[in-house]
Structure formats: structure tokens, C-alpha cells
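S.K.:
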Amino acid sequence: MFSQLELRLIKSTLKDRVEKETVELKQLDEYMEKANDLMVLDTLISKIEKSQN
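The numbering of the sequence shown is my numbering, which starts it at 2 and goes up by one.
Written out as C-alpha cells, the structure reads:
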């Protein structure tokens, strides 16, 4: 089916892709956490502003 060289190349390519996409996923997760934090802060600011009026 595949030669040993082809299998090594496929394995290497797949490993590289998994590593790259894992990094991207971690960055996306961090982005989502920051967005959530900003939404919480925005809600707190809104509540403070309403209580001052």
C-alpha cells in the first residue's frame, strides 16, 4: 500500500497539523475566556451606572 518513507511523511505531516491546530485551539480558548471576562466587566459597569442614577 504505502512505502515506509510515505508512511513516515504522512505521520510527520499529521503530527505537525495536530500540533498547529492544538495551538490554535488554545488561542481560541484564551480569546473566549477574555471575551467572557469583558462581558462580566461590562455588566458590572452597567449595574454601577444604574445604581448611581
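From the three backbone atoms N, C-alpha and C, an ideal C-beta is built for every residue, glycine too.
Grouping DSSP H, G and I as helix and E and B as strand, with all else coil, what is Ser47?
M.R.: helix
S.K.: Please report the straight-line C-alpha distance between Lys35 and Asp17, rounded to a whole angstrom.
M.R.: 27 Å
S.K.: Straight-line CA distance for Ser52 to Ile46?
M.R.: 10 Å
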